[in-house]
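Chains as they are written, first to last, in our numbering: chain A, 6 to 123; chain B, 18 to 130.
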């Protein structure tokens, strides 16, 4: 149980284009999904917290107009990197937090999406 | 500021030894504690969670929590080369943070044959 998928697993795009990354909880309903970014040899950096049906909460320094997050259902959240530039190249990872009495705020991570902007 | 600190690495242990990973946290109201393992180029994988003082064992892994000392640790017995990875300590502080976890910077563990 507690499987989270991401699509695509990797993407290469040209500078100035937009890229959408999907995050799905496959076997549970996720009240909250989180989006992280990780540069090589660095720790996870939380970008935003996404609750189903409401606007995402962005961490300080993260441009909400550049990183658009939509959490349309309890099993799907999307991150769109708009007008991507080479400095946006990174490993983007989503995680999902389950719902229910047995949930102790564990987060289950998707496999990540490696974005390369040329 | 809520912080999670892990012992600086990298940590290198021989195969078969016990690897000890330590973590301290600053928010005394923290409620839930997690250890994640992250292989190079992969996403983190939850390996242990602990919520109350004491020890929790799962196979070769033992998590220890001491809320009075604000300290959580992970012991890996009979370490194997496949345990070589970065280990992340994560803490949930509660409140209205929607389950946001605070992560430590990670400890790189290398198990050499």
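Each residue gets a CB set at the ideal place from its N, CA and C atoms; glycine is no exception.
Out of the options, point me to the one whose CA is closest to residue i's CA.
| i | options | result |
| --- | --- | --- |
| residue 20(B) | 122(B), 126(B), 130(B) | 122(B) |
| residue 77(A) | 120(A), 36(A), 14(A), 123(A) | 36(A) |
| residue 93(B) | 49(B), 87(B), 43(B), 54(B) | 54(B) |
| residue 43(B) | 35(B), 78(B), 26(B), 87(B) | 87(B) |
| residue 4(A) | 114(A), 82(A), 88(A), 84(A) | Chain A is shown only over 6 to 123; residue 4(A) falls outside these bounds and no answer can be derived. |
| residue 82(A) | 43(A), 121(A), 114(A), 93(A) | 114(A) |
| residue 25(B) | 74(B), 130(B), 105(B), 35(B) | 105(B) |
| residue 86(A) | 26(A), 34(A), 98(A) | 26(A) |
Name the chain B residues that come within less than 8 Å of residue i, Cβ to Cβ?
| i | result |
| --- | --- |
| residue 49(A) | 61, 105, 120 |
Can you tell me which of the three DSSP states residue i falls into?
| i | result |
| --- | --- |
| residue 100(B) | helix |
| residue 13(A) | coil |
| residue 93(A) | helix |
| residue 116(A) | coil |
| residue 130(B) | coil |
| residue 110(B) | coil |
| residue 68(B) | coil |
| residue 8(A) | coil |
| residue 60(B) | coil |
| residue 10(B) | Past the edges of chain B, shown from 18 to 130, lies residue 10(B), and the structure says nothing about it. |
| residue 106(A) | Any reading at residue 106(A) must be qualified, since the residue scores a pLDDT of 48, below 50, and its modelled position is unreliable; the value itself is stated next. Residue 106(A) falls in the coil class under three-state DSSP. |
Quick one: list the residues of chain A neighbouring residue i, beta-carbon separation under 8 Å, in chain order.
| i | result |
| --- | --- |
| residue 131(B) | Nothing about residue 131(B) can be reported from this structure: the residues present for chain B run from 18 to 130 only. |
| residue 25(B) | Going along chain A, no residue has its Cβ under 8 Å from residue 25(B), so there is no contact; the nearest lies around 13 Å. |
| residue 123(B) | 48 |
Between residue i and residue j, which are expected to be in contact by the criterion C-beta below 8 Å, what is the C-beta distance as a whole number of angstroms?
| i | j | result |
| --- | --- | --- |
| residue 62(A) | residue 30(A) | Contact doesn't hold; Cβ gap of about 19 Å is too wide. |
| residue 116(A) | residue 60(B) | 5 Å |
| residue 48(B) | residue 109(B) | 6 Å |
Residue i touches chain B at which residues, Cβ-Cβ below 7 Å?
| i | result |
| --- | --- |
| residue 125(A) | One cannot answer for residue 125(A) here, as it falls past the ends of chain A, which runs 6 to 123. |
| residue 58(A) | Neighbours of residue 58(A) on chain B: none; closest Cβ ~13 Å, over 7 Å. |
Using a cut-off of 9 Å between C-beta atoms, extract the partners of residue i located in chain B.
| i | result |
| --- | --- |
| residue 98(A) | 60, 61 |
How about residue i: is its C-beta nearer than 7 Å to some C-beta of chain D?
| i | result |
| --- | --- |
| residue 109(B) | Among the protein chains of the structure shown, namely A and B, there is no chain D. |
What does residue i reach in chain A if we use C-beta pairs closer than 9 Å?
| i | result |
| --- | --- |
| residue 71(B) | Those do not exist, as residue 71(B) stays about 16 Å from chain A at its closest Cβ, beyond 9 Å. |
| residue 101(B) | Residues of chain A passing the Cβ test: none, with the nearest at roughly 15 Å. |
Let me check you understand the geometry: is the CB of residue i closer than 6 Å to at least one non-hydrogen atom of the ligand ATP?
| i | result |
| --- | --- |
| residue 67(A) | Looking for the ligand ATP in the displayed structure turns up nothing, as the structure carries no ligands at all. |
The region 54-62 of chain A in contact with the region 29-42 of chain B per 3-pair CB rule at 8 Å: Three or more Cβ pairs closer than 8 Å define a contact, and the region 54-62 of chain A falls short of that threshold against the region 29-42 of chain B.
Touch test, the region 91-102 of chain A against the region 20-39 of chain A, Cβ-Cβ under 8 Å, three pairs minimum: yes
At least three beta-carbon pairs within less than 8 Å, the region 6-17 of chain A to the region 65-75 of chain A: Touching, no, given that fewer than three Cβ pairs across the two stretches are closer than 8 Å.
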